[in-house]
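A short worksheet on the structure shown next.
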Amino acid sequence: MDLNTGLLLYIPYRAMEQRVFTALADAGHDITPAQARLFQRIAPDGSRTSELAEQAGVTKQTAGFLVEQLEKQGYVERVPDPADGRARLVRIAPRGAEAAEFAAKIVAEVEEEWRAHLGPERMAQLRDALMALREITDPWA
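Here the sequence shown stands for residues 63 to 203, where the numbers follow the working numbering.
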């Protein structure tokens, strides 16, 4: 069976994602994929909910709901936007930083397994090719 390139990109991503979410759950972090897609787009100094909605490809209402869930769970906090006193920024809270650091370790483990399977040269070529594709597929790159 000849699989299309999109599916070939998705299959390993999904395998990595499942490993990360399973490990997070085992460590006591109950984060959903929808929450994570929003969470991973939060800028270092914070982001407005409308920006997160746009980047995650969801409605502002959905983004607001996800932010509210993440805030109740202690993963994010909302603070006044110094550039506009009427607006609020979503920032990663200490519990969120802990979960992100934990997830990054799992991602590194998976990438090391891929490197061992493909070999260092092919893994570097894969990363180079994907970075080149990001130039035309990621409007926030």
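Even for Gly, the Cβ is constructed at its ideal location relative to N, Cα and C.
Whether residue i touches residue j by CB criterion (9 Å)
i    : j    : result
A162 : F101 : yes
R196 : A203 : yes
P95  : E79  : yes
L71  : L192 : yes
R99  : A118 : yes
W176 : P106 : no
Sequence-distant residues of the same chain with beta carbon closer than 8 Å to residue i, five excluded per side
i    : result
V138 : F101, I104, V129, L132, V152, R153, I154, A155, G158
Coil, strand or helix - residue i by DSSP
i    : result
V169 : helix
P142 : strand
I93  : coil
R148 : strand
R153 : strand
G108 : coil
A178 : helix
Q135 : coil
Proximal residues to residue i (C-beta, below 7 Å), its chain only, five neighbours per side dropped
i    : result
L86  : I93, A161, F164, A165
V141 : G108, R150, L151, R153
V169 : M78, V82
Start-to-end residues for the alpha helix (DSSP H) that takes in residue i
i    : result
I73  : 67–88
D190 : 182–199
S112 : 111–118
Q102 : No alpha helix (DSSP H) holds Q102; DSSP gives it neither H nor E.
T121 : No alpha helix (DSSP H) contains T121, which DSSP labels as neither H nor E.
Residue i at chain B interface by Cβ criterion, 9 Å
i    : result
R189 : The structure shown contains no chain B, having only a single protein chain.
Contact set for residue i: own chain, Cβ-Cβ below 6 Å, skip 5 residues either direction
i    : result
G126 : T111
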